[in-house]
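Numbering (the working numbering), first residue to last: 63 to 606.
A short write-up of the structure that comes next.
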């Protein structure tokens, strides 16, 4: 019963929110899909985002998830939601220290040689404090906000109820699959609340990018990590958005961006594990001009099939092969009962990707191209897998970083170059011993089973049980066509015989004559002419 006031308040806020925004949001999205622009769309989108921000941390996170759903929302809504800030008022140091003590049985002041009481940053789920270990290592301690898990679970329960009610009573809500959206959001945010997963994500990413000398992740102090606490090395650096123009003079921005592109393509297409939220606030430019990933609360995972499909999309964009992109998205996208106008879809995609060749990142950004392609699919009522939408969101953030570090960088050329390297490695990896061994086992099974299967085949032939099911042309029409050909050939042969016969009989003098010529010869000639003319008229009138 203690949760009842909070739930009632949340229900009231959601009811007010949907009453004001759901109808306009649906109308704007439908108008955008039909190519109808309205002047008040951007204003409504800003109000939509601001009210979500005012409803608390859970709904800020929900808005950030919605910002990836180009299949649901018009572009002004996407833009407004992408600007949502996750900055909140900090929690008092004593409350944060109490959480640490609950997990480790010791206060922050005693666990570390020195702890700064003022937080480095405060977000909706946790806040960070700078500290120094007993061994003299500078670290950042990220601690979950007290009570945030309970509040998030309560908000999720309310969202579940509202989504179920809306789906039951609203066709638009069913079409938008709001229940699936809330389920996906629950999986995402509950995963973020378990900091042990973030620790594993940091370790996985560190291993996956170890061959890139300009990229790094902070080291993790496992003995000082728990489900609500992460302790990692302190990175001396600046957020990308806070770098001054003077500082950029010492940075080889193009090489750094090129390495970022290579690393993310590797994450998408080889590792199947990628940083899903690399916004400039989550990346630091270190004092030795490296890029550090400092927050891995949100990651994406791709199956091998999805990675293969994404490779086809990226290579199609980079090589200006719109048909490849179209075919791939039709294969992986969900179309329901809607019939897609394939030619129109390919035309829209073709005109878009043709414009992105040989331009700099400041003119047209690769992530923006990918997101626009997914928007085109949404306009054609194709639902793109949510993993692809996370990829597009991460690419948009890469665009922002690239514009800051190297505005003249050509992302299209870099993508083509790195895709060739990845393609070569994928070919080599497909020949690894385990795959060859598996192929050998399948071949061995084929050889072992071949005599038995051949014996069954011969038995069926002997017992007249052998059937072949084939999808062939209309045999009736085919036979009729053959009969017509045979008839025409027969008539032609008879006509030729009559003409030859008439020519031979012209030499025989008879009393019976027609037009002064032997009568029988003239009758044969007339019959030949009749058959010939009749055949020609029949061909002209009925044959195709």
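Cβ atoms here follow ideal geometry from the backbone N, Cα and C, with glycine treated the same way.
Considering only residues of the same chain and omitting the five flanking positions on each side of residue 320, which have a CB-CB separation below 6 Å?
Same-chain partners within the cutoff: 476.
Sequence-distant residues of the same chain with beta carbon closer than 7 Å to residue 267, five excluded per side
So the list reads 279, 337, 355, 358, once near-sequence residues are dropped.
Per DSSP, which one or two residues make a beta bridge with residue 336?
362
Inter-residue spacing [alpha-carbon to alpha-carbon] between residue 252 and residue 324:
Between the C-alpha atoms of residue 252 and residue 324 there is a straight-line separation of about 30 Å.
Identify the continuous alpha helix (DSSP H) that holds residue 222 and give its terminal residues.
210-231
Can you find the residues in the same chain that come closer than 6 Å, C-beta to C-beta, to residue 99, ignoring five residues on each side of it along the sequence?
Annotation note: pLDDT 47 at residue 99 (below 50); position unreliable, coordinate value reported separately. Cβ neighbours of residue 99 beyond the five flanking positions: none.
In this structure, how does DSSP classify residue 587 when only helix, strand and coil are distinguished?
It is helical.
Could you compute how far the alpha carbon of residue 521 sits from the alpha carbon of residue 442?
The alpha-carbon atoms of residue 521 and residue 442 are separated by roughly 53 Å.
For residue 168, which of 568, 286, 440 has the nearest alpha-carbon?
286
CB of residue 187 within 9 Å of CB of residue 254, strictly
yes
Rounded to whole angstroms, what is the Cα-Cα separation between residue 328 and residue 388?
23 Å
Taking residue 247 as the reference, give the member of 318, 326, 130 with the closest Cα.
130
Which class does residue 596 belong to by DSSP, given the choice of helix, strand or coil?
helix
In the structure shown, what three-state DSSP assignment does residue 296 receive?
coil
Would you report the Cα separation of residue 382 and residue 141, rounded to the nearest angstrom?
27 Å
For residue 442, the residue or residues it bridges with in DSSP:
Answer is none; residue 442 lacks a bridge partner.
Neighbourhood of residue 119 by C-beta distance below 6 Å, restricted to the same chain and skipping five residues each side
186
Residue ranges of each alpha helix (DSSP H) run of no fewer than 4 residues wholly in the segment 467-491, ordered along the chain?
Runs found: 473-491.
Which two residues bound the contiguous beta strand (DSSP E) that contains residue 200?
Counting along the chain, the beta strand (DSSP E) containing residue 200 begins and ends at 200-206.
Compute the distance between the beta-carbons of residue 474 and residue 380, then report whether it is under 9 Å.
yes
Taking DSSP's pairing of strands, which residues face residue 278 in a bridge?
354
Min CB distance residue 213 to chain D below 9 Å:
No chain D appears in the structure shown, which is made up of a single protein chain.
Within this structure, are the beta carbons of residue 313 and residue 351 separated by less than 9 Å?
yes
Could you tell me the alpha carbon to alpha carbon distance between residue 297 and residue 220, rounded to whole angstroms?
39 Å
Since residue 303 is in the beta strand (DSSP E), which residue starts that stretch and which ends it?
Segment: none, residue 303 is in no beta strand (DSSP E) and carries neither H nor E.
Range covered by the beta strand (DSSP E) that runs through residue 192
188-194
Could you check where the alpha helix (DSSP H) with residue 243 kicks off and where it finishes?
240-255
What would DSSP say about residue 3, mapped onto helix, strand or coil?
As shown, the chain starts at 63 and ends at 606. That puts residue 3 outside it, with no answer to give.
Quick check: what's the CA-CA separation for residue 510 versus residue 526?
Cα-Cα distance, rounded: 26 Å.
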